[in-house]
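Structure, as structure tokens:
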Amino acid sequence: MKHREATQSKNMALTEDVLFETWDSNASFSIPMYFMSFLEVDQHLPEDARYVLCTNAALDKSIESFFTTNQQEDAVLLQLCDDIGATCYQFDRDKPFPNLADTLRDSCLAKLGKLIALYMMKDVLIKFNDALFNTFASLISECLRPLEKEKVESSEISYTIKEVDEPADPSTPVGKLLTAFKREYDMMIEKSKQKKDVTRQLKIRVDRNSFASALSAGDSEWSAKFNVKLHRFYEKFVLVCNSLNEEKLRTQAMTLLPEWCNAEHGTVLDKLQVLLFEAMKSTKPVPVDLKFVREKFMEIELKPSISLVKSRSNEYFTGWIREHPHIKIDPDRLRRSELNSFIASKNAAGMYEFKCSLSMDVSSLIVEQTLSIHQYETLFIDSALYLEKKEMLNMLHDVLSYLRDVDHPTIKVITIRGRFEQENLCEIKNLSERYHQKVVIVMETGIAENFEHENQINLGTVLSYSSKISNIVLENLSKNNKKLSDYNDLKVERFTIHDLTGEAKEQLFHDHENQIIFGTVTPLTSIIHEKDDLSFLLNVLEVLNQPEKMARYDSIEHNYEQIKPWYIHRQFVPLDSPPEEENITRNGNVTYSANSFGQQAEVHFAEMVHYLHDYDKDTMSDVKKTLALSEETQDPPGCWDDENDGKVYIFLNDAGAGKTTYFTWLAWRLSTYDRSLYVIKLMALEYSTDFERLEECGVDHWNDTQIVRLLYRFIHLALFVPSVCRRTIEETDVHRAEADRCAELISLSNGRIVLDETKTKDLIAMQLIELRLFREKFNQKQLVLILDGFDEIAPYYKDVVMKCFAWFARFERIRSVYLSSRPYDFENDLKNAFQNCKMNRLKMLSRQNFIHFLHKYLLLNIEDYRDCEKDQRVNFLTILYVIITDDLKDSVSVPLLLDMVLLTLRPTIREHVNFKSCRASNHLLGNAKLDKLQLMEQFVARKLEIFNTDKSGTTNSSAKTAVAKKKEEQENKRIKQRHTLLAMYALFNSEDRAKLLSGREQAHAIELLEEVMQGEEKTGIISGVRDGIPQFVHRMFAEYFVACWLYQNMARFKQESVFKSQTIWAQPMKQVREFFN
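Below you can see the structure in the form of structure tokens.
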């Protein structure tokens, strides 16, 4: 396209003379000159190319009849004419310009003659690929004759001009061609100052193949070829007249610039002009076509809102990839999607609603991946960023107009995120069609949200445990009876794990090979399956990235961390092993003086130890050895796969022996020894409601599937419901209903758990994770059960609990079962229920255990002790050891009693010991004397507190109310009366009891003994009954309660001889007398 401005006169008109200027005149409006240009470029340009000469001059009225107006089919060209106020003219083929064809033909011949002379003089090979030479090839052949005999193998032929020997008529085409040749040749000879006779020695070199091809073409006659070119020129040449002048054109151009240009329009126009001129001046040819102009427009500064959309789109995409690195859909799957069909369609416009079961972010990521198949990109518009939909539609208008104007090479789709009313969708569709751009709307289906919400409400579908829960369940089911399957009619695009690329799946499972879920390590492959919806994978990954959601209320690690600072590792031995011979009591049976340091206000630790050393030569040595040793950790039974002593391990110890603490350590040790173990620790008392219902309905008629479902419920409660027994039954029944609903999908086949995957789509992510983890750990023989405090549910639920847990133990794929209890004469029952079980007991505290316990207690509770040097620690531990064992002897082998001793001594230690100066008050040995009566009263009070709260399921807060405290006082009084009566049976023979107890008291005592034998004694002070004699966990407790009985009944025996009897004054009753006094 050329634009020529008429400068001679404002009213200049294009006449025939102006248009017929010679081809080499370089005149602005020479049609012959433009025809020559047309022949040069036409063969290299598209079929629909047009050759436009634009001017602000008018077309002379006298020649308008030879043109047609406004008949162009090119809408862009017509729009251009309209924009610049011009008229579009084209040659009329039916009424051509007089002499125009002859003029154009003669112009071609003149140029041909000139070129042939030029090529001959410069010895240039003439090729007939050029349109001008090709068109007139047959005419040129008439003017030439070969100089020599042709050589077949040569690629060129040498010719000379025939005119020298045979002059041609100058009015004929041949004559005109030769005339032009001769004129040009003479001019060049004159300029070169060569002699004219050299003509015969010059030759014209012609390319053989192109010349032959031009002559052998279908219609090789030059006149026919010329007419084809002429008619094509008539069709392609457009004369645009009466356009605005330069000043007005600039003004009009600025008004036509799109709104999406940010800078001042004059600046934009200048910048574009510079870009265009630079392209035309480039040493390398640059086609200044529409594509070029659009590319230059893309370099223009955009409106801030459009630039923001582009930058946000990049940020969105980068963020989605970072957040979801494993979401890479297989290209073959994308090609089969309806989304891809829309993108690949030939329609330039259209709107597609992409409804996907995934989140909007992942759905947007899939849109981007689908476009990348076609090397396309998209811009994302987030409707949530706009307060009103109208704002978003205005932005869409700007972006679509920009993309249409520049015909962006890669951005072929606009993606809008959000949910819209039908009215808005119609407006979006209209904009898409108006600007011929495709729009994808990523819809929020709401499936995941609704599904998650409904499943959190519809917890009860199997067994309702009370009328209240039943009503809640039925009401929620009626209100929220939708399932995931109800959304199938929404035409939602679904993607599964199978649809991911192989590399993405491999990386996904590699990155989550050792995933910690509910305290156990498991590969993601055990939770995720190929057929799972990608939405489930995303939900799983989301919760896995939030450890607090994967934590369990009974965190094994947390529970162990609570006891770790003071925990002393315990050794265990077979139950029938003989009692330990080692005594905690220091060697010998000597005592020390409490006032051995005279008037000294303070005594150094070393001096005090030296004094005690005279009475006890071994204690300090034992303390040094103990602190020098690292604590020995014994692997619990069941650690080794090759152990053949069964898989049930039962620990029987008296109350206060540390069974619960040991089982806390045991759970931690097992889970850290093998991270793949799924260790479940159950506190028997927590499940009293479940045991009561099992007792009522019985389990004898159950099958394996029902029992394994029950196990699933127990594990669910252990994982997710803290302090089951401290909640109302209505509260915990909701969790039971949820667990049982999920457990309905479980069945047992050939000893392995099978999950009904056809129904798992109705579960939320956490429920399915829990189910699949349970299946994985059970089938892989990685499930470990620990039941602590079996005695606490006896005698009421003893039988049904033994049946259930014995059934659990019989499952081949349960790895191991651990159970703790007080003896209560349960040994035979447990042996009968658990075949091939291993009976163990924890060893009593050894001297080394005792020293470690003292050391850890002081480290934990006395800050200054932690800062002491090692030798001074040894000195003080020796002192404390002697003080405690001198008063209590081996009774401190009971861990709970030892803890009470230290709690009692702590104020005395803080008052009389200065750890910074390593000195103690000279009254320490005297003031630290333990008041056994006070100690026993504190110990009994603590045991009753445990009984009233921890063992009965009462919360600490509820136990503080006035009514609760009154009831607690009454119950404590009753329990103490029972124990005083039973203590009389423990220390007195039948003859003495007959003297001391009334007939009614003896009858009541027999009833109490029967209750103890049935396991109804829960305080932990009495361990059982043997040969009709109650067994107190330590004789000192029996002595304390006998003293209490004697004190309470002292008035009854003022006239009796009981206090003068040998029984009371015998050596074994010494401690009773001390308590009594």
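Under numbering that gives the first Met the number 0, the residue at position 4 of the sequence shown is numbered 3, and the numbers go up by one with no gaps.
Cβ atoms here follow ideal geometry from the backbone N, Cα and C, with glycine treated the same way.
Residue i - DSSP class collapsed to helix/strand/coil
i: I83; result: coil
i: S312; result: helix
i: P522; result: coil
i: M187; result: helix
i: E367; result: helix
i: C53; result: strand
i: H325; result: coil
i: L574; result: coil
i: D863; result: helix
i: H911; result: helix
i: H568; result: coil
i: D488; result: Per-residue confidence for D488 stands at a pLDDT of 43, beneath the threshold of 50, marking its modelled position as unreliable; no derived number is given.
i: G318; result: helix
i: A550; result: coil
Neighbourhood of residue i by C-beta distance below 7 Å, restricted to the same chain and skipping five residues each side
i: Q506; result: H325
i: Y552; result: L718, F719, V720 and P721
i: K548; result: V542
i: N480; result: Reliability of the predicted coordinates at N480 is poor, the pLDDT of 39 falling under 50, and the value obtained from them is presented with this limitation in mind. Cβ neighbours of N480 beyond the five flanking positions: none.
i: F180; result: G112, I115, A116 and I160
i: N874; result: F604, A605 and V608
i: T1018; result: K942, L943, F946 and I974
i: D59; result: A12, L13 and T14
i: Q1070; result: M1035 and E1038
Whole-Å CB distance - residue i paired with residue j, under 8 Å assumed
i: D498; j: I328; result: 5 Å
i: P794; j: S1022; result: 15 Å between Cβ atoms; not a contact.
i: H715; j: E791; result: So it is not a contact: roughly 21 Å between Cβ atoms.
i: K92; j: H230; result: The amino acid occupying residue 92 in the given sequence is Arg; Lys does not appear at that position. The Cβ separation is near 7 Å, so the contact holds.
i: S937; j: M899; result: One detail in the question is off: residue 937 reads as Gln in this sequence, not Ser. At roughly 6 Å, the Cβ-Cβ gap stays under 8 Å, so Q937 and M899 are in contact.
i: A136; j: F210; result: 7 Å
i: A764; j: V520; result: The Cβ separation is near 20 Å, so there is no contact.
i: R674; j: P635; result: Incorrect: roughly 16 Å between the Cβ atoms, too far for contact.
Candidates the options: closest to residue i by CA position
i: E811; options: L782, L76 and L876; result: L782
i: R774; options: L710, H734, E791 and M801; result: L710
i: Q368; options: S382, M1012 and I342; result: I342
i: R712; options: T727, R735, T731 and Q1001; result: R735
i: Q272; options: R249, V723 and S629; result: R249
i: L1045; options: E1073, L693, E337 and M394; result: E1073
i: V816; options: Q933, F946 and L681; result: L681
i: Q570; options: E529, W664 and R992; result: W664
i: E390; options: Y672, I728, I305 and N538; result: I305
i: Y672; options: D653, C638, K283 and G657; result: C638
i: R493; options: E183, L357, R144 and R905; result: L357
i: Q89; options: L103, I62 and T757; result: I62
i: I380; options: H509, T414 and D824; result: T414
i: S820; options: L841, I496, L138 and R809; result: L841
i: E556; options: S670, N513, D739 and V707; result: S670
Same chain, Cβ closer than 6 Å to residue i, neighbours up to 5 away in sequence not counted
i: I471; result: Its pLDDT being 34, under 50, I471 is placed unreliably by the model, and the measurement read from it follows with that caveat. Once the five neighbours on either side are set aside, I471 has no close Cβ partner at all.
i: L829; result: I649
i: C1043; result: T979
i: Y880; result: T618
i: Y464; result: A caution first: Y464 carries a pLDDT of 36, below 50, which makes its placement in the model unreliable, though a value can still be read off. Excluding residues within five positions, the ones whose Cβ falls inside 6 Å are D732.
i: T659; result: D787
i: T254; result: none
i: L18; result: F28 and I30
Contact set for residue i: own chain, Cβ-Cβ below 8 Å, skip 5 residues either direction
i: L131; result: M35, L38, E39, C107, K110, L111 and L114
i: S892; result: I583, M843, L844 and F849
i: Y375; result: I342, T409, I410, K411 and V412
Closer than 8 Å to chain D by CB, residue i
i: E967; result: The question asks about chain D, but that chain is absent: this structure has only one protein chain.
**OP:** Note down, one range per segment and in chain order, each alpha helix (DSSP H) of at least 4 residues found wholly within the region 199–260.
**Re:** Restricted to the region 199–260, the alpha helix (DSSP H) segments that are unbroken, complete and at least 4 residues in length are 207–214, 221–235 and 245–255, listed in chain order.
Original post:
Mind pulling the alpha helix (DSSP H) runs of 4 or more residues that sit fully within the region 708–796?
Top reply: Qualifying alpha helix (DSSP H) stretches, in chain order: 728–742 and 764–778.
Original post:
Which parts of the region 100–161 are runs of the beta strand (DSSP E), unbroken and 3 residues or longer, counting only runs that do not cross its ends?
Top reply: If we require 3 residues or more, the beta strand (DSSP E) runs fully inside the region 100–161 come out as 143–145 and 155–160.
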